[in-house]
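In what follows, a single structure is set out as C-alpha cells and then discussed.
Numbering (my numbering), first residue to last: 14 to 183.
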C-alpha cells in the first residue's frame with residue numbers, strides 16, 4: 014500500500030507512442046485519468062482509492078500506470094488475494110476520511126481497514142467467475158478507444174468534404 018507521488022515531468026493530455034502510460038489522480042470523471050506519461054510506476058493489477066476530495070472512490074487498475082497525489086494504491090499478493098476481489102470488497106465499504114477542514118484518507122488510517130480474506134480455493138473460484146467478465150469489460154474499453162480514434166480521424170475529413178460519402182448506399 015502506498016500513496017501517489019508527484020505528477021511526472023513528462024505529461025501528455027492524450028495517449029501517444031511516447032506517452033502510453035495513464036496517470037491517475039483522485040478524480041471521478043474518466044476513472045480519475047489525469048493524462049499520460051512515458052514511464053509507469055505500478056505494473057501489477059491493483060486497486061486505487063481516492064484519498065482527498067472524492068474520498069473513497071475505488072478503481073480497479075489492470076494496465077501499467079502512474080498514481081499521483083491524493084491516491085492510495087493497493088497491490089495485493091496474488092497468492093493471498095486477487096485485485097478484483099479486493100476492488101469489489103472495498104467498493105461495498107463506506108470509506109471515510111479524517112479531518113475537520115478538508116477530509117482526507119491517510120495510508121496509516123486506511124491500513125486499519127479490515128478485509129475479509131476467504132480461503133485460496135474460494136478466491137480461485139471467485140476469480141474463475143469474474144475474470145472473464147473483466148476481460149470482456151477491458152476488451153470493450155479497448156475497442157471503444159480504437160473506434161473513438163477512427164471517429165476522430167475520419168470526422169474532420171468528412172466535415173471538410175475531403176472524404177466523399179455521397180456514393181454510399183445506406
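C-beta: ideal position from N, C-alpha, C; glycine also.
Proximal residues to residue i (C-beta, below 8 Å), its chain only, five neighbours per side dropped
i           : result
residue 99  : 60, 87, 89 and 128
residue 147 : 73, 75 and 97
residue 19  : 81 and 82
residue 107 : 69
Residue i vs residue j beta-carbon contact at 8 Å
i           : j           : result
residue 32  : residue 25  : yes
residue 130 : residue 85  : no
residue 103 : residue 62  : yes
residue 82  : residue 17  : yes
residue 123 : residue 14  : yes
residue 167 : residue 176 : yes
residue 30  : residue 56  : no
Nearest-angstrom Cα separation, counted from residue j out to residue i
i           : j           : result
residue 44  : residue 36  : 10 Å
residue 54  : residue 79  : 5 Å
residue 139 : residue 105 : 16 Å
residue 27  : residue 34  : 10 Å
residue 180 : residue 170 : 16 Å
residue 21  : residue 50  : 7 Å
residue 58  : residue 173 : 43 Å
residue 145 : residue 153 : 12 Å
residue 134 : residue 150 : 25 Å
residue 65  : residue 101 : 20 Å
residue 160 : residue 125 : 43 Å
residue 156 : residue 164 : 12 Å
residue 178 : residue 158 : 24 Å
Own chain, CB closer than 6 Å to residue i, minus 5 neighbours either side, in chain order
i           : result
residue 92  : none
residue 183 : none
Close beta carbons around residue i, own chain, < 7 Å, minus the five adjacent residues each side
i           : result
residue 143 : 97
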